[in-house]
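Residue numbers (our numbering), protein chains in the order written: chain A, 1 to 482; chain B, 1001 to 1249; chain C, 2001 to 2355.
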């Protein structure tokens, strides 16, 4: 009897992807489909200089000849790239000088998402750039950042106001034609975030971008570029949500990070795109290319990701450890429940001397989900004394899910040391019973045990977001026991 | 408080308890003794509601309520506490976090207000020192890397913290040296109260020197074969189970 | 010899023709590129391999009737094109020593009846194109010990071994590879019956520009199956040592236990070691763990030995032997173990950069 009740409770809870609402707002869209005209439309909408349009067009022409990759362990029906919109923006949204000018409906949307954009209400010390479908709708704390010399703005604005910086770095980490999805992004990206932290500056606050897909049948292609000049430091966090819809929507972002001598970038993601329903209907296809270049000596790039959403996740935030003594880190939690599929991991490319990397991956599979860690550690001949340690743990909840580990280890320098460890386990019945006996209900017990399993990664998140992420871990696994 | 009537229970389709009856009133401490395989741990798991321990017939009433209808966490909230023979390790979950989660889950279920971290810590601290549970232990992952003695002390600390009405101590003495045993027994004795009942399950008479029971029951092959006062434990120690079980049969 | 191509062989030939000679853009051959060494026509027209065999307790038969499951594309090629074939059947207890005498292609089928035992030692010296496909079928409770010695050679040497293990059966393999222009042992092991086991171990000791690739796939297709793997690779000069190991635990194969360790010792600036230890898990009642590591000799150990008066070369040799000892300990037959150690001793000076 108790079990039945629990099951009812569970299915009630599973209903609550609480970010699944739609904002009713008038949109302006590019005509459906993808052609050179679409690319020109987007570029014109953004008032871009000719060099940017030429860059986009060269990407588009390459993309037409490219094939969708099929090596990942993910399965989905063929995507018709002509049957989608590539640009959608709330009407009348030129860059805002103050939040007072932003459509109140949008402010309300972000309030509902728990991201209040009014500056007084913001969590102390976090600057937010809010991207709604294809455009940035608000960026907060600009003045304070300006004082420190930090540029934090929509990338569309940076292309206009800081063309030299953008031209110098855009496409230098993820080349225009890197892969199918990044090339598509290069052609049609509509907005995203640009950050430049000048020499010796420690960014005075956490920077954060909040991505929201709202329009239907629309792909989101944001592009983020972060440059940390010599001796600087920045911590950046992105969050993502989308409405519940039966259709699948494509999200193909590109993120490029550049760390010069002695600079450090900490990049955290809490990805909670709509994962589809319990039958696997709907949800976001999250095909993302993220790469950081430790271009300077003694630089450091650290990726932390909590991936709980999306019907399909295909992403491998990577580090090119070019500068001597540079450090790359990848801390990941990937949770796949119901019919979700995740194929995620990292690449650590050791080029410089004394470069170090660390990978901690925690994969949790439940329901009928498939969760794959795929990672490359490559030590090139000149990377003397390179070091890598990888810990890759998988947790299975239930009998119909899968957990897979595909590490590639390639060493071409004798003084390098690489260590890889992987384990697969399940939530033990005795752990669960112990929690129940102490009065904790099954849902909460699973959340508690899984949070313990993920602890090493959760600790890497900025404090303000760690608590949210812990809750999200619990919510994502609702309905996984019963 | 607890009334078990003609209880039959099976694990994996195999009947372990075969007509067990037992009544425990508030304020009493009962000892259940028996040889290995007599069904002692099965009884404790059936009372706590562990999955896989199936009641095939008979009844358990706890404070007038049918226990079988309740989920394990509901039983806990209603005051049933099982100190386990092998406390479970949960990596990454700090002991204090666990205590807070459990205490608040029980309080919530009872309609009481939840406590914040400081409130929990205060209550834990008040009980930790006499059980020699250090602050450092509270910061470590639950039971991970704890010695046998540390684990058992933490079980008793939880019992003190949750203030159960019916405490079941399953082989709490196993794996303890004499000093640790005394410490644990003192902790248990401190919790004896008129409104609380205890069921002390043990193989040896040793623990009962320190926790003196009101009644002793001998369990054999899934049934209680003899009952008596504290002196029965001494008789068992002297004669061994075989004699007692045979003479009872 | 005029063997009619039955359907299975025809299919194998088609598959090979479709895939072509394996190359590095195929995921399974990422670290072993056959294309610069041979073309498809050479594979199709490879001469019959010849061998000498000592056998006790086995029945010979002609396996031409096209049964056969093979691990990879070169296994398919051996089924499609090999004109040299050999079938071995063991009813009780057998012992086989087989030495391939020439390059060329061959196809073997080894069948162990329920409860049978076989001690099988194979020597594959290589030279030119050698492609030996071996299909092994273990009946209930059957046990086979397989040792493979691949001497230092030139050319392309491929061993493709497919094994199915029935309930309670046990397959043990030890392979020692000293490299070739391209040397590859590809193993596909299906633990088909409850309680079936596979225990794999091996060493690759490579110098000059030599290559050796051990690729395994252990498929836990039934409950309570168990597999262990322990491979140690040493690469010096411009050598390249590869280990790819995939473990699959299928849905319902509860109680499976699988452990896998691969370690590489990289001794020179231009050498390379590639490891890909892969897990593919569809069951939750399992114990699976793998570990992999690459590095050079431990500097502290080396210094310690030298501080006790042991010369650098000798100290290095000592540490390399220590590194390799663990998989060799898996070899139960003492004579075999001694022979493997002797082969390692021969290879050591080369691996340490001595002529």
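Yeah, the Cβ is synthetic: ideal placement off N, Cα and C, and Gly gets one too.
For residue 2033 of chain C, which residues of its own chain have a beta-carbon under 7 angstroms away from its beta-carbon, when the five flanking residues on both sides are left out?
Within the third chain, numbered from 1, the residue matching residue 2033 of chain C stands at position 33. Result list for residue 2033 of chain C: 2023 and 2024, in chain order.
Say whether chain B places a C-beta atom closer than 8 angstroms to the C-beta of residue 430 of chain A.
On the first chain, residue 430 of chain A is found 430 positions in, with the first residue counted as 1. Yes, because at least one Cβ of chain B sits closer than 8 angstroms to the Cβ of residue 430 of chain A.
Going by the DSSP bridge assignment, what does residue 1184 of chain B pair with across the sheet?
Here residue 1184 of chain B refers to the residue found at position 184 when the second chain is read from its first residue. DSSP, once it has assigned bridges, lists no residue as partnering residue 1184 of chain B.
Boundaries (first-last residue) of the alpha helix (DSSP H) holding residue 2174 of chain C:
Taking the first residue of the third chain as 1, we reach residue 2174 of chain C at position 174. Looking at the DSSP string, residue 2174 of chain C is not in any alpha helix (DSSP H); the run it does join, the beta strand (DSSP E), is 2170-2177.
So if I threshold CB-CB distances at 9 angstroms, which residues from the stretch 2018-2040 of chain C count as touching chain A?
2027, 2030 and 2031
Along the stretch 2277-2290 of chain C, where does the CB come closer than 9 angstroms to a CB of chain A? Name the residues.
For the stretch 2277-2290 of chain C, which is checked against every Cβ of chain A, the residues closer than 9 angstroms are 2277, 2278, 2279, 2280, 2281, 2282, 2283, 2284, 2285, 2286, 2287, 2288, 2289 and 2290.
Residue nearest to residue 267 of chain A in terms of C-alpha spacing, selected from A:40, A:195, A:28 and A:78
Numbered from its first residue, the first chain carries residue 267 of chain A at position 267. Closest option to residue 267 of chain A, Cα to Cα, is A:195.
Residue 1225 of chain B versus residue 449 of chain A - alpha carbon distance:
Here residue 1225 of chain B corresponds to residue number 225 of the second chain, with the count starting at 1. Here residue 449 of chain A corresponds to residue number 449 of the first chain, with the count starting at 1. One C-alpha to the other measures close to 41 angstroms.
Contact check, residue 345 of chain A vs residue 374 of chain A, beta carbons under 8 angstroms
Numbered from 1 along the first chain, position 345 holds the residue referred to as residue 345 of chain A. Numbered from 1 along the first chain, position 374 holds the residue referred to as residue 374 of chain A. Taking 8 angstroms as the Cβ cut-off, residue 345 of chain A and residue 374 of chain A qualify as a contacting pair.
Could you run through the stretch 2257-2278 of chain C and flag, in chain order, every residue whose CB is less than 8 angstroms away from some CB of chain A?
2264, 2266, 2267, 2268, 2269, 2270, 2271, 2272, 2273, 2274, 2275, 2276, 2277 and 2278
Backbone secondary structure at residue 429 of chain A - three-state DSSP:
Along the first chain, one-based indexing puts residue 429 of chain A at 429. Three-state DSSP puts residue 429 of chain A in a helix.
Would residue 2243 of chain C pass as a contact of residue 2221 of chain C if the rule is Cβ separation under 8 angstroms?
As a first step, residue 2243 of chain C is located in the third chain; it is residue number 243 there, counting from the start. As a first step, residue 2221 of chain C is located in the third chain; it is residue number 221 there, counting from the start. In this structure, residue 2221 of chain C does not lie closer than 8 angstroms to residue 2243 of chain C by Cβ.
Is residue 2167 of chain C near residue 2196 of chain C, with beta carbons less than 8 angstroms apart?
For the purposes of this step, residue 2167 of chain C is taken as the residue at position 167 of the third chain. For the purposes of this step, residue 2196 of chain C is taken as the residue at position 196 of the third chain. Yes, these two residues count as a Cβ contact at 8 angstroms.
Go ahead and label residue 286 of chain A buried or exposed: buried means 16 or more other beta carbons lie within 10 angstroms of its beta carbon, across all protein chains shown.
To locate residue 286 of chain A, count along the first chain from 1; it is residue 286. Burial call: buried.
Is it true that the stretch 2226-2239 of chain C meets the stretch 374-384 of chain A, where meeting means three or more beta-carbon pairs spaced less than 8 angstroms apart?
no
Can you pull the chain A residues whose beta carbon is under 9 angstroms from the beta carbon of residue 2295 of chain C, in chain order?
The count along the third chain starts at 1 and reaches residue 2295 of chain C at position 295. Going along chain A in sequence order, the residues near residue 2295 of chain C (Cβ under 9 angstroms) are 411, 414, 415, 416, 417, 418 and 419.
Per DSSP, which one or two residues make a beta bridge with residue 1200 of chain B?
Position 200 of the second chain, counted from the start, is the residue given in the question as residue 1200 of chain B. BP columns for residue 1200 of chain B point to B:1031 and B:1169.
Would the beta-carbon of residue 2315 of chain C fall within 8 angstroms of that of residue 2302 of chain C?
Within the third chain, numbered from 1, the residue matching residue 2315 of chain C stands at position 315. Within the third chain, numbered from 1, the residue matching residue 2302 of chain C stands at position 302. In this structure, residue 2302 of chain C lies closer than 8 angstroms to residue 2315 of chain C by Cβ.
Which one or two residues does DSSP pair with residue 454 of chain A in a beta bridge?
Position 454 of the first chain, counted from the start, is the residue given in the question as residue 454 of chain A. Answer is none; residue 454 of chain A lacks a bridge partner.
Based on the DSSP secondary-structure assignment, which residues constitute the bridge partners of residue 2137 of chain C?
The residue you call residue 2137 of chain C lines up with position 137 of the third chain. Beta-bridge partners of residue 2137 of chain C (DSSP): C:2111 and C:2164.
Run of the beta strand (DSSP E) containing residue 1104 of chain B, from where it starts to where it stops
Locating residue 1104 of chain B in the second chain gives position 104, where the first residue counts as 1. Not the beta strand (DSSP E): residue 1104 of chain B falls in the alpha helix (DSSP H), residues 1095-1109.
For residue 1246 of chain B, does the count of other Cβ atoms within 10 angstroms reach 16, so buried, or fall short, so exposed?
In the second chain, the residue the question calls residue 1246 of chain B occupies position 246. So residue 1246 of chain B ends up on the exposed side.
Count the other CB atoms within 10 Å of the CB of residue 2320 of chain C; is the residue buried (16 or more) or exposed (fewer)?
Here residue 2320 of chain C is taken as the residue at index 320 of the third chain, counted from 1. Result: buried.
Pick helix, strand or coil for residue 185 of chain A, following the three-state DSSP scheme.
Here residue 185 of chain A refers to the residue found at position 185 when the first chain is read from its first residue. Helix at residue 185 of chain A.
Contact the stretch 2173-2190 of chain C vs the stretch 2201-2218 of chain C: 3+ CB pairs below 8 angstroms:
yes
Taking residue 244 of chain A as the reference, give the member of A:281, A:406, A:455 and A:318 with the closest Cα.
Along the first chain, read from residue 1 onward, the residue named residue 244 of chain A stands at position 244. In this structure, A:281 is the residue among A:281, A:406, A:455 and A:318 with its C-alpha nearest to the C-alpha of residue 244 of chain A.
Between which two residues does the alpha helix (DSSP H) containing residue 65 of chain A stretch?
Taking the first chain and counting its residues from 1, one reaches residue 65 of chain A at position 65. Its alpha helix (DSSP H) spans residues 50-65.
Secondary structure, beta strand (DSSP E): runs of 3+ residues fully inside the stretch 2234-2280 of chain C
Listed in chain order, the complete beta strand (DSSP E) runs (minimum 3 residues) inside the stretch 2234-2280 of chain C are 2240-2249 and 2256-2266.
Quick check on the burial criterion: 16 or more other C-beta atoms within 10 angstroms. Buried or exposed for residue 459 of chain A?
Taking the first residue of the first chain as position 1, residue 459 of chain A is located at position 459. Answer is exposed; the Cβ neighbour count stays below 16.
Under DSSP, the beta strand (DSSP E) around residue 2329 of chain C begins and ends at which residues?
Counted from its first residue, the third chain places residue 2329 of chain C at position 329. Where residue 2329 of chain C is concerned, there is no enclosing beta strand (DSSP E), although the alpha helix (DSSP H) it sits in stretches over 2312-2329.
Does DSSP put residue 1145 of chain B in a helix, a strand or coil?
Against the second chain, residue 1145 of chain B aligns to sequence position 145. In this structure, residue 1145 of chain B counts as coil in the three-state DSSP scheme.
Could you spell out the range, first to last residue, of the alpha helix (DSSP H) harbouring residue 225 of chain A?
Along the first chain, one-based indexing puts residue 225 of chain A at 225. Element bounds for residue 225 of chain A: not the alpha helix (DSSP H) but the beta strand (DSSP E), 223-228.
C-alpha gap between residue 2341 of chain C and residue 2207 of chain C, whole angstroms
Taking the third chain and counting its residues from 1, the one referred to as residue 2341 of chain C is at position 341. Taking the third chain and counting its residues from 1, the one referred to as residue 2207 of chain C is at position 207. Taking the straight line from one Cα to the other gives about 17 angstroms.
Stretch-stretch touch, CB-based, cutoff 8 angstroms, three pairs: the stretch 432-450 of chain A with the stretch 1100-1110 of chain B
yes
Measuring alpha carbon to alpha carbon, tell me which of A:271, A:176 and A:332 ends up nearest residue 256 of chain A.
What you label residue 256 of chain A is simply residue 256 of the first chain in a count that begins at 1. Residue 256 of chain A has its Cα closest to that of A:176, out of A:271, A:176 and A:332.
Excluding five sequence neighbours on each side, which residues of the same chain lie with their C-beta closer than 6 angstroms to the C-beta of residue 1060 of chain B?
Numbered from 1 along the second chain, position 60 holds the residue referred to as residue 1060 of chain B. Here the set comprises 1004 and 1067.
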